[in-house]
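Chains as they are written, first to last, in my numbering: chain A, 342 to 508; chain B, 12 to 117. By construction, the Cβ of each residue, glycine as well, lies at the ideal position given by its N, Cα and C atoms. Here's the structure we're looking at; comments come further down.
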């Protein structure tokens, strides 16, 4: 501590060590938040449902997606990535997961939303198992913090069924 | 301008107690600013607020503890006067060390 340079160096080192600690504490403080998000999806219409020339089933549908993810946001949240997946079981795969829609929520103000949309990504099965298939729509989200650990969770909404016939 | 080394050092460097004070001040100030910044950020729910408060604190601490302010030099070293040293001449080299060296050589 005898010269200008040594004092400046000591201060900078200590200041940055403390900053790292503060960031760690900010990340830990996220655990105090117990979120209570809600999501609801209504399948309004199956626009078309057909077998592709290569034999795979493909569906297009219109949905009403509404969700309230405001409680996921804390002071240490940068953004939330959210996607809606159709999940179902086939003889070949115990879990098929197809992303139908996704979005990035930049702030708490945008975290309560409803969207009327057809599926953003194509709903294609590996095979032709979709006729009369019962499936879940699952809202997945990843909370991206400013510092520290990323959290992920989901809401499973069961009880959707595809039509028995192609149309 | 500069009469001797002693004079130059007292101008450039903090005295011992000043150094101790500067280090303690630095640690205490930074820690308290960290606590203040974290609390402000948490209760205002703004991460940016925490960073800004802390950065302000770091700048203030730098201004207080890094420059060699006069109040860090209130306890200058009192060097003995050269005439005083002449009155107490160095003891002659001890016979102890020389005998040891001889013992090793054997």
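query, result
"Taking only heavy atoms of the ligand COA into account, decide whether any of them is closer than 7 angstroms to the Cβ of residue 345 of chain A.", "By its list of ligands, the structure shown contains no ligand whatsoever, and the ligand COA lies outside what it can speak to."
"Determine, for residue 402 of chain A, whether the minimum Cβ-Cβ distance to residues of chain B falls below 8 angstroms.", "no"
"Do the region 422 to 437 of chain A and the region 459 to 472 of chain A meet, that is, are 3 or more Cβ pairs less than 8 angstroms apart?", "yes"
"Let me know if residue 473 of chain A comes out buried or exposed under the rule of 16 or more other beta-carbons within 10 Å of its beta-carbon.", "exposed"
"Under 8 angstroms Cβ to Cβ from residue 25 of chain B, same chain only, skipping five residues before and after it: list those, please.", "33, 79, 83 and 84"
"Quick check: residue 75 of chain B and residue 40 of chain B, are their CB atoms within less than 8 angstroms of each other?", "yes"
"Listed from N- to C-terminal order along the chain, which residues in the region 354 to 370 of chain A have their beta-carbon within a distance smaller than 8 angstroms of any beta-carbon of chain B?", "355, 356, 359, 360, 362, 363, 366, 367 and 370"
"Determine the burial state of residue 371 of chain A: buried for a count of at least 16 other Cβ atoms within 10 Å of its Cβ, exposed for fewer.", "buried"
"Under 8 angstroms, with one C-beta from each stretch per pair, do the region 494 to 501 of chain A and the region 473 to 482 of chain A reach the 3-pair mark?", "yes"
"Output yes if chain A places a C-beta closer than 8 angstroms to the C-beta of residue 74 of chain B; else output no.", "no"
"Does residue 448 of chain A come out as helix, strand or coil in the three-state DSSP assignment?", "coil"
"Taking 8 angstroms as the cut-off, decide whether the C-beta atoms of residue 395 of chain A and residue 486 of chain A are in contact.", "no"
"So, with DSSP's three-state summary, where would you put residue 498 of chain A?", "strand"
"Under 6 angstroms Cβ to Cβ from residue 28 of chain B, same chain only, skipping five residues before and after it: list those, please.", "86"
"According to DSSP, simplified to helix, strand and coil, what is residue 54 of chain B?", "helix"
"Please tell me whether residue 60 of chain B and residue 52 of chain B are closer than 8 angstroms, where the distance is taken between their beta carbons.", "yes"
"Along the chain, where does the beta strand (DSSP E) containing residue 423 of chain A start, and where does it finish?", "418 to 429"
"Mapping the DSSP letters down to three states, classify residue 383 of chain A as helix, strand or coil.", "strand"
"Beta-carbon separation of residue 440 of chain A and residue 452 of chain A under 8 angstroms?", "no"
"Mark residue 482 of chain A as exposed unless 16 or more other C-beta atoms lie within 10 angstroms of its C-beta, in which case mark it buried.", "buried"
"Under DSSP, the beta strand (DSSP E) around residue 486 of chain A begins and ends at which residues?", "475 to 486"
"List the residues of chain A whose Cβ lies closer than 7 angstroms to the Cβ of residue 52 of chain B, in chain order.", "416"
"Using DSSP with H/G/I as helix, E/B as strand and the rest coil, what is residue 399 of chain A?", "strand"
"Give every residue of the same chain whose Cβ lies closer than 7 angstroms to the Cβ of residue 462 of chain A, excluding the five residues on either side of it in the sequence, and list them in chain order.", "440 and 441"
"Within a Cβ cutoff of 7 angstroms, which residues of the same chain sit near residue 388 of chain A, ignoring the five residues on either side of it in sequence?", "401, 402, 403 and 459"
"Would a check of beta-carbon distances place residue 480 of chain A closer than 8 angstroms to chain B?", "no"
"Are the beta-carbon atoms belonging to residue 491 of chain A and residue 380 of chain A less than 8 angstroms from one another?", "no"
"How would you call residue 354 of chain A, buried or exposed, if buried means at least 16 neighbouring beta carbons within 10 angstroms?", "exposed"
"What are the start and end residues of the alpha helix (DSSP H) that includes residue 453 of chain A?", "Run containing residue 453 of chain A: none in the alpha helix (DSSP H); it sits in the beta strand (DSSP E), 453 to 459."
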